[in-house]
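Take 51 as the starting number for the sequence shown in the working numbering and just add one per residue.
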Amino acid sequence: MMNGSHTLEGFVPDVDATVESRILDAGGHIVGKSVCEDLCCSGGSFTATTGPVVAGGQVDMATGGDQGGSIRIPAACCSIVGLKPTYGLVPYTGIMLIEFTLDHTGPMARTVYDTALMLEAIAGYDGGLDPRQPRDLKVPEYTLGLTGKIHNLKIGILKEGFGLKTSEADVDKTVREAAEQLGTAGGATVEEVSVPMHSDGAGTAVRMYYDTTLQEAFSRGLKCHSNDLSKRGKLIRLIAKYLHEDYHGILYGKAQNLGRELCKAYDAAL
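In structure tokens:
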């Protein structure tokens with residue numbers, strides 16, 4: 051397990067990620083893993099190689115990690131289905147952390163049915179090892195819901211998700227047209243909603259399961275191979291050190307508070 055970085059070269063985990071154990075328990079076969087980009091530090095999505103592997107038929111399904119689009123982006127680029135699940139629905143136990151409030155893992159497959167089938171296998175309560183999950187978390191049979199009938203659904207199109215500096219006008223146009231089709235052809239109610247705080251993020255740290263051997267290996271690797279980090283990885287470390295030493299967690303706390311307000315804004319839009 052290297053997470054794309056020499057800082058973890060030679061490290062072999064002594065526990066399996068919960069999602070991988072559940073895939074095996076459900077009768078799946080794990081045939082390999084795609085190469086991660088350096089510590090997930092890439093604007094191109096660190097699971098970018100997973101998309102082609104699934105799209106090319108080398109595997110039927112794959113797991114991905116999504117903090118800022120690393121399931122959805124490669125899925126979109128490769129014309130497969132990638133799902134970033136509801137926060138906490140799928141346990142993140144045993145996976146390399148990035149930021150607890152952002153960490154998601156989910157299924158990638160060539161069809162909606164296969165994606166739903168995999169979600170049924172990997173979702174659910176993990177015995178308290180992932181504290182984002184309620185004890186009474188229920189996992190429905192998602193595949194039974196794939197009836198094709200959407201006339202009773204209300205779909206919100208987020209205004210702040212379009213017209214960004216990094217957006218492409220033709221992509222924005224295509225997404226809006228597809229959403230309109232859900233209304234005209236499918237009978238769903240499609241409405242634009244606005245959440246002005248959409249671009250704000252949050253950070254927090256809470257008690258959860260930590261893989262101490264992974265932490266030890268990563269800490270040791272950073273000391274020995276810090277020069278091998280990518281430019282983005284080095285920049286992130288410099289920014290983190292600056293914020294810690296000059297602001298003493300104040301901005302981190304402010305972001306956490308804003309995150310709560312952002313959740314309220316999304317709930318209000320729903």
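From the three backbone atoms N, C-alpha and C, an ideal C-beta is built for every residue, glycine too.
Nearest-angstrom Cα distance between residue i and residue j?
i    : j    : result
I286 : H154 : 20 Å
E87  : I73  : 24 Å
M168 : L232 : 25 Å
L288 : S276 : 12 Å
G251 : G309 : The predicted position of G251 is uncertain, since its pLDDT is 46 and thus under 50; a value taken from the coordinates is nonetheless stated next. Cα-Cα distance, rounded: 6 Å.
F20  : Y175 : This structure does not reach residue 20, given that the chain is present from 51 up to 320, and the question cannot be answered.
H56  : G271 : 7 Å
S5   : V109 : Nothing about residue 5 can be reported from this structure: the residues present for the chain run from 51 to 320 only.
C273 : L301 : The amino acid at residue 273 is misidentified as Cys; the sequence shows Lys. Going from the Cα of K273 to the Cα of L301 covers about 27 Å.
I80  : V103 : 13 Å
C128 : K304 : 37 Å
H201 : G107 : 33 Å
Y163 : D222 : 26 Å
K291 : Y297 : 10 Å
D75  : I172 : 10 Å
Is it right to say residue i is buried, meaning 16 or more other beta carbons lie within 10 angstroms of its own, or is it exposed?
i    : result
L133 : buried
E295 : exposed
T197 : exposed
R160 : buried
Q183 : buried
G114 : buried
P246 : exposed
L203 : exposed
P181 : exposed
A166 : buried
N307 : exposed
T143 : buried
Grouping DSSP H, G and I as helix and E and B as strand, with all else coil, what is residue i?
i    : result
L325 : This structure cannot speak to residue 325, because the chain is shown only from 51 to 320.
M168 : helix
E242 : strand
T113 : strand
P157 : strand
G309 : helix
L58  : helix
I123 : helix
I80  : coil
K199 : coil
L74  : helix
Would residue i and residue j be called neighbours here (beta carbons separated by less than 8 Å)?
i    : j    : result
E191 : E170 : yes
A319 : G206 : yes
M158 : A112 : yes
G156 : P135 : yes
(request) Would you check if the stretch 55-73 and the stretch 116-132 touch, i.e. whether three or more CB-CB distances between them fall below 8 Å? (result) no
(message) Quick test of the definition: if touching needs 3 or more C-beta pairs under 8 Å, does the stretch 266-281 touch the stretch 204-219?
(response) no
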